[in-house]
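With the UniProt record's numbering applied, the sequence shown corresponds to residues 1 to 345, in that order.
Scroll down for the structure; my scribbles are underneath it.
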Amino acid sequence: MSQLGSPFTLKGLTLRNRVAMSPMCQYSVEAEDGAPNDWHFVHYVSRAVGGAGLILVEMTDVEPDGRISNRDLGLWSDEQIPAYRRIVDEVHKHGAKIGVQIAHAGRKALDAEPPVGPWSEPFDNTAKQPRALGTEEAWALVGKFADAAARAVQAGFDTIQLHGAHGYLIHQFHSPGINKRDDEFGRDKAKFGVEVIKAVKAVLPPDMPLLMRVSAIEYAEYAYGLDHMLEIARAYRDAGVDMFDVSTGGEGGPAVKGTPGNYPGYQVPFARALKEALGVPVSAVGMLDDPELAEHVVASGDADLAMIGRAMLRNPYWAIDALRRLDGKTDLFAKAYERGYYGHR
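See the structure below:
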């Protein structure tokens with residue numbers, strides 16, 4: 001068996017393989033109330049049928065104005081829980097596990113009037129002017145993250161991922177170039193993220209792992225480097241993060257300190273760096289479309305899971321196709337599709 005096809009266990013979560021679907025916003029036109037609809041149901045369940053070990057539901061926000069757009073998902077109301085539970089229950093029927101990425105867009109909220117953030121500088125020269133959060137408002141948002149996580153638990157999710165990357169609110173707080181506050185959330189750049197982690201952990205079952213996506217480096221004029229992220233991630237680990245999903249960038253502004261790579265596996269070295277420095281499991285992302293590359297990333301120990309994004313948008317059955325290519329067979333396909341596979345394997 002390939003390493004990509006081998007099970008993976010983290011606390012009380014066991015995955016049938018090491019293929020994970022990255023959270024990717026759907027911007028569904030029918031999602032204006034923040035609840036998933038039939039599009040999301042088909043989208044996520046089809047990837048479970050397609051053999052993924054873990055499916056991560058797209059960025060799901062803690063309040064309406066925390067969304068990137070008004071077509072994004074949210075978990076700010078108990079009324080939204082049943083729609084998520086419907087997806088979770090059906091995904092489980094097909095053998096996959098499912099988590100949800102909880103977030104707040106901060107100054108990158110396109111439809112908020114106005115957006116909020118740790119500081120009053122806009123994302124770029126075309127973005128809206130954000131309003132700097134007061135200290136008590138920041139504490140209130142910590143509570144909203146916990147409330148959203150509690151609703152995710154009620155919906156039956158197997159794990160939760162906090163979005164601390166790509167220039168969204170948690171990232172904004174731990175970025176020295178964005179967070180210029182002089183209160184407790186400014187003097188300690190990790191504090192907002194740490195408090196969110198602690199609040200969320202308090203509402204999770206003890207055996208449920210908490211995941212977190214981070215940007216290992218930035219690319220803007222004010223960019224932080226890997227050493228800064230290692231310091232921040234160490235605080236996040238100590239606060240309760242069980243696994244990091246390692247990406248880069250997304251902070252905004254002119255990219256004067258380099259640009260993101262555009263080649264397969266370009267972010268894998270950052271995942272390996274966090275794993276080695278912090279001694280925790282990591283997942284890697286970034287053009288891991290080729291099954292042999294995804295296998296190498298996992299088999300070499302660079303990462304514990306391969307996060308598949310755009311390739312899984314193109315092909316819901318990426319996991320089945322990849323494992324058939326690597327192992328020559330797989331039993332992941334549904335019986336209804338059996339005759340679509342030569343030799344039924």
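Don't be surprised by glycine CBs; every beta carbon is placed ideally from N, CA and C.
Bear in mind the structure is a predicted one, so any value in this text is a computation, not a measurement.
Integer-rounded CB distance, given that R67 should sit under 8 angstroms from S28: No, S28 and R67 are not in contact; Cβ-Cβ is about 12 angstroms, not under 8 angstroms.
What would DSSP say about D78, mapped onto helix, strand or coil? helix
Run the CB neighbour count on M307, radius 10 Å, all protein chains shown included, and call it buried at 16 or more, exposed below. buried
Report the rounded CA-to-CA distance for A216 versus F173, giving the unit in angstroms. 14 angstroms
Please report the distance separating the alpha-carbon of K201 from that of V49. 30 angstroms
Check whether the Cβ atoms of V241 and I197 sit closer than 8 angstroms, and answer yes or no. yes
Return yes when the C-beta of K128 is under 7 angstroms from any heavy atom of the ligand FMN, and no when it is not. The ligand content of the structure shown is nil, which means the ligand FMN is not present either.
Hey, could you find the ends of the alpha helix (DSSP H) A46 is sitting in? According to the sequence shown, residue 46 is Ser rather than Ala. Note, S46: alpha helix (DSSP H), D38 to V49.
Do the segment 279–287 and the segment 314–334 make contact, defined as three or more Cβ pairs closer than 8 angstroms? no
Quick one: Cα of P115 to Cα of D227, how far? 30 angstroms
Quick check: what's the CA-CA separation for I320 versus D331? 9 angstroms
Who are the Cβ neighbours of E136 in its own chain at under 8 angstroms, not counting the five residues just before and after it? none
Going by other Cβ atoms of all chains shown within 10 Å of its Cβ, with 16 needed for buried, is E79 buried or exposed? exposed
Endpoints, beta strand (DSSP E) assigned at D61: L54 to D61
May I have the straight-line CA-CA distance separating N125 from D207, to the nearest angstrom? 44 angstroms
For residue 355, does the three-state DSSP call read helix, strand or coil? Residue numbering for the chain in the displayed model covers 1 to 345; residue 355 lies beyond these limits and cannot be assessed.
Just checking my contact of T159 with G99 at CB under 8 angstroms: how many whole Å lie between their CB atoms? 4 angstroms
Return the chain-ordered list of same chain residues with a C-beta closer than 8 angstroms to the C-beta of D327, the five sequence neighbours on each side being excluded. M1, S2 and G5
The beta strand (DSSP E) that contains G193, what's its start and end? G193 -> not in any beta strand (DSSP E); alpha helix (DSSP H) instead, spanning K191 to K201.
What does the Cβ neighbour count give for V285, buried or exposed, with the cut at 16 atoms within 10 Å? buried
Cβ atoms of Y219 and G258: under 8 angstroms apart, would you say? yes
How would you call P130, buried or exposed, if buried means at least 16 neighbouring beta carbons within 10 angstroms? buried
Buried or exposed, going by whether 16 or more other CB atoms sit within 10 Å of the CB of N262? exposed
Within a Cβ cutoff of 6 angstroms, which residues of the same chain sit near A294, ignoring the five residues on either side of it in sequence? L4, L288 and A306
When the Cα atoms are used, what is the spatial distance from V194 to L210? 13 angstroms
Proximity of D302 and V268 at Cβ, strictly below 8 angstroms: yes
Residues in its own chain within less than 7 angstroms of P122 by CB, not counting five upstream and five downstream? R107, K128, Q129 and P130
Note the first and the last residue of the continuous alpha helix (DSSP H) segment covering D227. L226 to A239
Which residues DSSP lists as bridging M307, in chain order: A20
Let me check one thing: in DSSP terms, what residues is D331 bridge-paired to? Per DSSP, none; premise fails for D331.
Taking DSSP's pairing of strands, which residues face G164 in a bridge? V214
Alpha carbon to alpha carbon, what distance is there between V256 and I81? 43 angstroms
For A284, report the span of its beta strand (DSSP E) as first-last. V282 to A284
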